[in-house]
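Trainee: Pasting in a structure now, in structure tokens, and then I'll have a few things to ask.
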Ligand code: NDP
Ligand code: GO6
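What follows is the structure, given as structure tokens:
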């Protein structure tokens, strides 16, 4: 298969490029002229080329260049940034959908989702709600254009949610005390980003996932915050002092934060108080570790070793 990755130099995107090359796909990666003097991005793209990827020059400010890029492949996987607010990111994503519609050749499109299932977040708190609403607007455009799709709900990126033991404003485990959300027993789902990329690439060409949502919910990685803390205590050999925060006190922290962190706080609230990742059933034919049992996914006790 010929696979185009959009956003291929990003945090998740670079892992998707690697997974696609490993899967043996002819892998195309968008190279935007706007990266300019960003030497890290350019060197990363050049390293993809050395590994066999084809770099495709295209710009979101040149619609025809997007259509031409899309015409060269069968499958498009987007991993564009999700942190842009106030509709900027939405406009870019809709441009990509329009280019795919006009090109008319795409057998599967995976829009940039990879988190909580936005279809279940109609009542989410503002301003985090905006990220879900935008993803739903992109879905509507895809479906109205009759573009074959797969949506991937990847749950918690381990890099953000496991390393921090799910505390905000940090990416590393605390050394002395940890604040649990309520009793700390609500189940979330943690996934290594390399595994997310592997599952995304597998789902992208799978006839079983056509026009469906795939949930990445590996059974060993369905864990409460308390269980994550216990795993870290076991590994580090140190017991952390536990505090607890009520949902009301946690929400009250929002007033002092900037827009991005307020959105994040809402997401954490829905994950660790509402249990939005685990309060519904998924069938075996829509769960990634069941669809692709050959993938030896990373368990969180192994993952946490990188922080020792
Ligand atoms: P990044 O912030 O790393 O950005 C990815 C890419 O977006 C960039 O590399 C760039 O592509 C592209 N991009 C950024 N700005 C522009 C622009 N102005 N014009 C065109 N392209 C642009 O993204 P992430 O990897 O963090 O996020 C990818 C997805 O994963 C998002 O949908 C996000 O919501 C989700 N996510 C989920 C998390 C979870 O825990 N479930 C955690 C974090 C993200 P280029 O390579 O061309 O430069
Ligand atoms: C990741 C984050 C971590 C925010 C999703 C603030 C979309 C999703 C799980 O960009 O807002 O400290 O589902 O202080 O559907 C950010 C967001 C995580 C990363 C959440 C995300 C998750 C986006 C923080 C913080 C660890």
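Numbering (this note's numbering), first residue to last: 540 to 847. Cβ atoms here follow ideal geometry from the backbone N, Cα and C, with glycine treated the same way.
In chain order, which continuous runs of the alpha helix (DSSP H) of length 4 or greater are located wholly inside the segment 610 to 662?
Mentor: Taking only runs of at least 4 residues, the alpha helix (DSSP H) segments lying wholly in the segment 610 to 662 are 627 to 642.
Trainee: Can you check which of these residues, 634, 697, 573, is closest to residue 846 by C-alpha distance?
Mentor: Within the chain shown, residue 846 is the residue found at index 307, counting from 1. That would be 697, whose Cα lies nearest to the Cα of residue 846.
Trainee: Given residue 838, which residues of its chain have a CB within under 8 angstroms of its CB, disregarding the five upstream and five downstream residues?
Mentor: By 1-based counting over the chain shown, the position of residue 838 is 299. Excluding sequence neighbours, residue 838 sits near 759, 760.
Trainee: Taking just the CA atoms, how far does residue 826 sit from residue 820?
Mentor: Mapped onto the chain shown, residue 820 falls at position 281. Mapped onto the chain shown, residue 826 falls at position 287. One C-alpha to the other measures close to 10 angstroms.
Trainee: Return the CA-CA distance between residue 781 and residue 788, expressed in angstroms with no decimal places.
Mentor: Numbered from 1 along the chain shown, position 242 holds the residue referred to as residue 781. Numbered from 1 along the chain shown, position 249 holds the residue referred to as residue 788. Distance between the alpha carbons of residue 781 and residue 788: 16 angstroms.
Trainee: When every heavy atom of the ligand NDP is checked, does at least one fall within less than 6 angstroms of the C-beta of residue 540?
Mentor: Residue mapping note: residue 540 aligns to position 1 of the chain shown, counting from 1. Not so, every heavy atom of the ligand NDP lies at least 6 angstroms from the Cβ.
Trainee: Shortest alpha-carbon distance to residue 561 belongs to which of 807, 766, 741?
Mentor: Within the chain shown, numbered from 1, the residue matching residue 561 stands at position 22. Among 807, 766, 741, the Cα nearest to that of residue 561 is on 741.
Trainee: Leaving aside the five residues before and after residue 771 along the sequence, list all residues of the same chain whose C-beta is less than 7 angstroms from its C-beta, in chain order.
Mentor: Looking up residue 771 in the chain shown gives position 232. Taken in chain order, the residues that qualify are 704, 712, 843.
Trainee: In this structure, how does DSSP classify residue 800 when only helix, strand and coil are distinguished?
Mentor: The count along the chain shown starts at 1 and reaches residue 800 at position 261. Correct three-state label for residue 800: helix.
Trainee: Name the one or two DSSP bridge partners that residue 570 has.
Mentor: Counting from 1 along the chain shown, the entry for residue 570 is found at position 31. Partner(s): 596.
Trainee: Based on Cα-Cα distance, which residue from 650, 651, 670 lies nearest to residue 659?
Mentor: Within the chain shown, the letter at position 120 stands for residue 659. Nearest option by C-alpha distance: 670.
Trainee: Is it the case that the CB of residue 886 approaches a heavy atom of the ligand NDP more closely than 6 angstroms?
Mentor: Residue coverage of the chain in this structure runs from 540 to 847, which leaves residue 886 outside it and unanswerable.
Trainee: Is any non-hydrogen atom of the ligand GO6 found closer than 6 angstroms to the C-beta of residue 806, if you look at the structure I gave you?
Mentor: Looking up residue 806 in the chain shown gives position 267. Yes; taking the cut-off as 6 angstroms, the Cβ of residue 806 has a heavy atom of the ligand GO6 nearer than that.
Trainee: Where residue 812 and residue 648 are concerned, what is the direct C-alpha to C-alpha distance, given to the nearest angstrom?
Mentor: One-based indexing of the chain shown puts residue 812 at position 273. One-based indexing of the chain shown puts residue 648 at position 109. If you take the alpha carbons of residue 812 and residue 648, they lie about 33 angstroms apart.
Trainee: Could you check whether the segment 608 to 620 touches the segment 649 to 668, counting it as contact only if at least three pairs of C-beta atoms, one from each stretch, sit closer than 8 angstroms?
Mentor: Enough Cβ pairs lie closer than 8 angstroms, so yes.
Trainee: Whose C-beta lies closer than 6 angstroms to the C-beta of residue 726 among residues of the same chain, with five residues either side of it excluded?
Mentor: If you number the chain shown from 1, residue 726 lands on position 187. Result list for residue 726: 761, 763, 817, in chain order.
Trainee: In terms of alpha-carbon separation, which member of 722, 724, 706 lies closest to residue 716?
Mentor: Within the chain shown, the letter at position 177 stands for residue 716. When only C-alpha atoms are compared, the closest one is 706.
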